[in-house]
Amino acid sequence: MMRDLADLTWPQVEAAVGPELVLAVPIGSTEQHGHHLPLSVDSDVATALCRGLADRRPGVLIAPMLPYGSSGEHADFPGTISIGREALESVLVELGRSAATTFPRIVVVSGHGGNAEPLRAAVARLREEGRDVRAFEPRWDGDAHAGRTETSLALALDPNRVDLAAAVPGDTRPLAEILPVLRANGLRAVTASGVLGDPRDADELSGAVLLSRLIGDLTAAVTDWWG
2 MMRDLADLTW
12 PQVEAAVGPE
22 LVLAVPIGST
32 EQHGHHLPLS
42 VDSDVATALC
52 RGLADRRPGV
62 LIAPMLPYGS
72 SGEHADFPGT
82 ISIGREALES
92 VLVELGRSAA
102 TTFPRIVVVS
112 GHGGNAEPLR
122 AAVARLREEG
132 RDVRAFEPRW
142 DGDAHAGRTE
152 TSLALALDPN
162 RVDLAAAVPG
172 DTRPLAEILP
182 VLRANGLRAV
192 TASGVLGDPR
202 DADELSGAVL
212 LSRLIGDLTA
222 AVTDWWG
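So the sequence shown is numbered by the numbering used here: it starts at 2 and just counts up by one.
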C-alpha cells in the first residue's frame, strides 16, 4: 500500500481506510537553526519519524507536513516564520476534526518543542469531542537547539544539507538557567548565533542511533495506544 496520503486518489483512500488505519501527521517549524542547519530541521525530523513508523508498522498513512509552528522566540533571526500558539492550536483542531471524518486513528508528530502547548491543547479538545487523536513529541538528552544533538540528527537525515564547517557554538548553559530570559526577550538575547549548545563535534553515527531510538519510541507509543 502506498503510504503518503498526498499521493493517493480518494478511491484509493476509501479502499485503504479501516478500523486499524493510523494517519500520522508530521508538524514542524520554519525557523533558524544557526549558521549550519537549514530552516526545515524540525519539519525534517517529524517527517522522518513518521516515515520510520510506517516502515515498522503496517497500516500507517503519512499526511502532508505542516511546516509552520509556534516559533516566536526565534523571530529576531531572518527566515523564521511563525504562526504563533493560538493559530497553531486552531489549525490543529480544525485539521483533526476534518481528518477524523475519514481516519479512525490520528497521531500528530511534532519535531519542534515550541509546538508543545498548542499541540497538547488541541489534542485534548479533539479527544473531549470524541476523536481518537494522540500527540507524540520526541525526547532526548543533550543541548537544546541546533547544538551537537540536533546537528547529529540532521547529519543522519541528510549530510548534504548540513554545513558543519560553518558551525559556531552558542550559549552552552543549561536551558533551565536561561529560559526566563529566552521567554521574555527571545533567543537572540542569549545567543548571537541562534544556537544553544556546541554543534562542532556532531557526528552522523550518533544521530542515526538517536533517530532509530526515537522511531522506536514512536512505534512503541502507537502500539501502546492502539495495539
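Ideal Cβ placement from N, Cα and C applies to all residues, glycine included.
Remember, predicted model here, so these are calculated numbers, not experimental data.
In this structure, the beta-carbon distance from Gly195 to Phe78 falls below 7 Å.
Membership of Leu22 in any beta strand (DSSP E) is not indicated, and neither H nor E is assigned to it by DSSP. Secondary structure of Ser194 (DSSP, three-state): coil. Glu129 and Glu87 have their C-alpha atoms some 19 Å from each other.
Beta-bridge annotation (DSSP): Ser41 is not paired with any residue. Counting the other CB atoms within 10 Å of its CB gives Gly131 a total below 16, which places it among the exposed residues. Here Pro119 is buried: its Cβ has 16 or more other Cβ atoms, across all protein chains shown, within 10 Å. For Ala222, there is no enclosing beta strand (DSSP E); the residue is found in the alpha helix (DSSP H) stretching over 205–227.
When the alpha-carbon of Gly114 is set against those of Gly97, Asp133, His146, Ala122, the nearest one is in His146. Between Leu215 and Leu50, the beta carbon gap of about 6 Å places them in contact (Cβ cut-off 8 Å). For the 7 Å CB-CB criterion, Ser153 and Gly208 form a contact. Gly35 is the residue among Asp8, Gly35, Pro27 whose C-alpha sits nearest the C-alpha of Gly171.
The Cβ atoms of Leu127 and Leu62 do not sit closer than 7 Å to each other.
Short of 6 Å from the beta carbon of Arg189, and not among the five residues preceding or following it, lie these beta carbons of its own chain, in chain order: Asp77. Fully contained in the stretch 80–131 are the following beta strand (DSSP E) runs of length 3 or more, in chain order: 106–111. For Asp199 and Glu138, the gap between their C-alpha atoms comes out near 23 Å. Nearest C-alpha to Ala155 among Pro59, Pro65, Ala203, Val14: Ala203. The Cβ-Cβ distance between Ala55 and Arg4 falls below 7 Å.
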